[in-house]
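Asker: Take 2 as the starting number for the sequence shown in my numbering and just add one per residue. Here it is, the structure in full.
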Amino acid sequence: MRFQTKAIHTGVNKDAAYNSVMTPIYQTSTFRFEDIGTTKGYDYTRTSNPTRKALEENIAALEGGAGAVAVATGMAAIATTLHLFKSGDHVIVTHDCYGGTDRIMRTYQEQFNIQLSYVNMQDPANLKKALRPETKGVWIETPSNPLLNVLDIRALAEIARAHGALSIVDNTFLTPVNQRPFDLGADVIVHSTTKYLNGHSDVVGGAVVAKDQKVAERIAYLCNALGQGQAPFDAWLVLRGIKTLVPRMALHETNARAIAEYLAKHPRVSTVYYPGLATHPHHATAKAQQTGFGGMVSFEVRGTIDDVNRLLRGVKVFALAESLGGVESLIDHPQTMTHASMDPALRAEAGITDTTIRLSIGLEDVQDLIEDLEQALPGRH
2 MRFQTKAIHT GVNKDAAYNS VMTPIYQTST FRFEDIGTTK GYDYTRTSNP TRKALEENIA
62 ALEGGAGAVA VATGMAAIAT TLHLFKSGDH VIVTHDCYGG TDRIMRTYQE QFNIQLSYVN
122 MQDPANLKKA LRPETKGVWI ETPSNPLLNV LDIRALAEIA RAHGALSIVD NTFLTPVNQR
182 PFDLGADVIV HSTTKYLNGH SDVVGGAVVA KDQKVAERIA YLCNALGQGQ APFDAWLVLR
242 GIKTLVPRMA LHETNARAIA EYLAKHPRVS TVYYPGLATH PHHATAKAQQ TGFGGMVSFE
302 VRGTIDDVNR LLRGVKVFAL AESLGGVESL IDHPQTMTHA SMDPALRAEA GITDTTIRLS
362 IGLEDVQDLI EDLEQALPGR H
């Protein structure tokens, strides 16, 4: 099956009793045994559940992986993945990563002695320089959150593999519609399924996908042992959302490109971060490894924090809110919202300033979005 057909059909046929077209919500904590030691494939929902299994099969198929686990949140996906490592192991992390990623990384460093290095991997040579004998993982976030820097997955994965380290790619922003990390050599993919995979801002969830069967089995073991599995109803919502993933991503990108082009010409905007623009410093890399540029746009307001605050208070269609990837458009101030927990020195080094704005472009009429920004951006007239 081709991608869009897989998105609609993979994993969904779980109802042998009544042949329902939609996957049922198996809202049960436990399952009756057929006999001592004999089940119909399920015994306890923490370990596995038919609704969650349908979602896991679907995501694994879309990413081209050997297996996937669906977990409670995007942070649960990161936490589960970090348990692949042990005390003393070294993990190299994208230096301008999501603030929550930095927070959990630092927590694991403090509590479990997972050693960290934050590295600007836009030049793969920097990764080589940061490698240590104990380096076991390379955490690749591309495009990065919120500055939308693009990393060369193939080059970084090759370096990690030669060193015997796992390459892990956060594919939340682009989804398998627009980026296929396994095809570029990555070993593990993580998602916040809260975002584009679900797409409707009505559930939180995460997923971890492994390319290798043994790694997939280990991740499934960890998911069960840690109790990270997603609830059946939440898994059902994500599975339902994925059915419209392909057309949604197309419109997200169409709208985002129009917004980026509008902002690039605005006198009150100093910089636009969108890899789909030819002026983006990593446009060539994005074009080579992606099949689309996604629905996220960030920019710098030309002015002060007062100008930023007027913008945040002035929008009417955009909602001032965290998260991203839903059908509605959101505006976010990373320094005080999504990246507030990030180490201030790391945030400054990454280039996230008090005038940085992140937009999640939704599916509204794009002219309404442009007009909303036009009336809220300070000082045009």
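No residue lacks a Cβ here, since even glycine has one placed at the ideal position from N, Cα and C. Since this is a predicted model, take the numbers as computed values, not measurements.
#1: Candidates 11, 27, 10 and 18: which alpha carbon is nearest residue 237's?
#2: How would you call residue 384, buried or exposed, if buried means at least 16 neighbouring beta carbons within 10 angstroms?
#3: What is the DSSP secondary structure of residue 37, counted as helix, strand or coil?
#4: Between the C-alpha atoms of residue 17 and residue 54, what's the straight-line distance to the nearest angstrom?
#5: Helix, strand or coil: which one does DSSP assign to residue 333?
#6: Between which two residues does the alpha helix (DSSP H) containing residue 5 stretch?
#7: Between the alpha carbons of residue 96 and residue 195, how many angstroms are there, rounded?
#8: Check the DSSP bridge columns for residue 68 and list the partner residues they point to.
#9: Helix, strand or coil: which one does DSSP assign to residue 189?
#10: When the Cα of residue 295 is compared with those of 100, 173 and 138, which residue comes out closest?
#11: What is the rounded straight-line gap between the Cα of residue 369 and the Cα of residue 337?
#12: Is the region 256-276 touching the region 289-309 in the sense that three or more CB pairs, one from each, lie closer than 8 Å?
#13: Might you give, ordered along the chain, the residues of its own chain that have their beta carbon closer than 6 Å to the beta carbon of residue 223, omitting 5 neighbours on each side?
#14: Exposed or buried, residue 2, counting other C-beta atoms within 10 Å across all chains shown (16 or more means buried)?
#15: Determine the burial state of residue 79: buried for a count of at least 16 other Cβ atoms within 10 Å of its Cβ, exposed for fewer.
#16: Using CA coordinates, which residue listed in 102, 203 and 114 is at the minimum distance from residue 340?
#17: Is the beta carbon of residue 209 closer than 8 Å to that of residue 138?
#18: With distances taken from CA atoms, which of 380, 329 and 57 is nearest residue 308?
#19: Can you find at least 3 beta carbon pairs, one from the region 160-179 and one from the region 117-136, that sit closer than 8 Å?
#20: Using CA coordinates, which residue listed in 204, 349 and 170 is at the minimum distance from residue 72?
#21: Can you tell which of 66, 64 and 77 has the C-alpha that lies nearest to the C-alpha of residue 230?
#22: State the Cα-Cα distance for the pair residue 383 and residue 142, rounded to the nearest angstrom.
#23: What residue range does the alpha helix (DSSP H) around residue 242 cover?
#24: According to DSSP, is residue 314 part of a helix, a strand, or is it coil?
#25: Given this structure, state the Cα-to-Cα distance separating residue 306 from residue 313, to the nearest angstrom.
#26: Anyone know if the C-beta pair for residue 259 and residue 277 falls short of 8 Å?
#27: Assuming residue 199 and residue 239 make a contact with CB atoms under 8 Å, what is their CB distance in whole Å?
#28: Which of the three DSSP states is assigned to residue 321 in this structure?
#29: Which runs of the beta strand (DSSP E) fall wholly inside the region 119-147 and span at least 3 residues, in chain order?
#30: Per the DSSP calculation, residue 168 is bridged to which residue(s)?
#31: Report the rounded CA-to-CA distance for residue 366 versus residue 319, giving the unit in angstroms.
#32: Excluding the five sequence neighbours on either side, which residues of its own chain have a C-beta within less than 7 Å of the C-beta of residue 5, listed in chain order?
#33: What does DSSP give as the partner residue(s) for residue 230 in the beta ladder?
#34: In whole angstroms, give me the CA-to-CA distance for residue 371 and residue 264.
#35: Nearest to residue 175 by alpha carbon, out of 288, 89 and 40?
#36: Can you round the beta-carbon distance between residue 131 and residue 118 to whole angstroms, since I take them to be within the 8 Å contact cut?
Answerer: According to the structure shown:
#1: 27
#2: The first residue shown for the chain is 2 and the last is 382, placing residue 384 beyond what the model contains.
#3: coil
#4: 15 Å
#5: strand
#6: 4-10
#7: 23 Å
#8: 211
#9: strand
#10: 173
#11: 26 Å
#12: yes
#13: 81 and 84
#14: exposed
#15: buried
#16: 102
#17: no
#18: 380
#19: yes
#20: 204
#21: 77
#22: Because the chain is modelled from 2 through 382, residue 383 falls outside the range shown and cannot be assessed.
#23: 233-243
#24: helix
#25: 10 Å
#26: no
#27: 5 Å
#28: strand
#29: 136-142
#30: 139
#31: 12 Å
#32: 247
#33: 72
#34: 9 Å
#35: 288
#36: 5 Å
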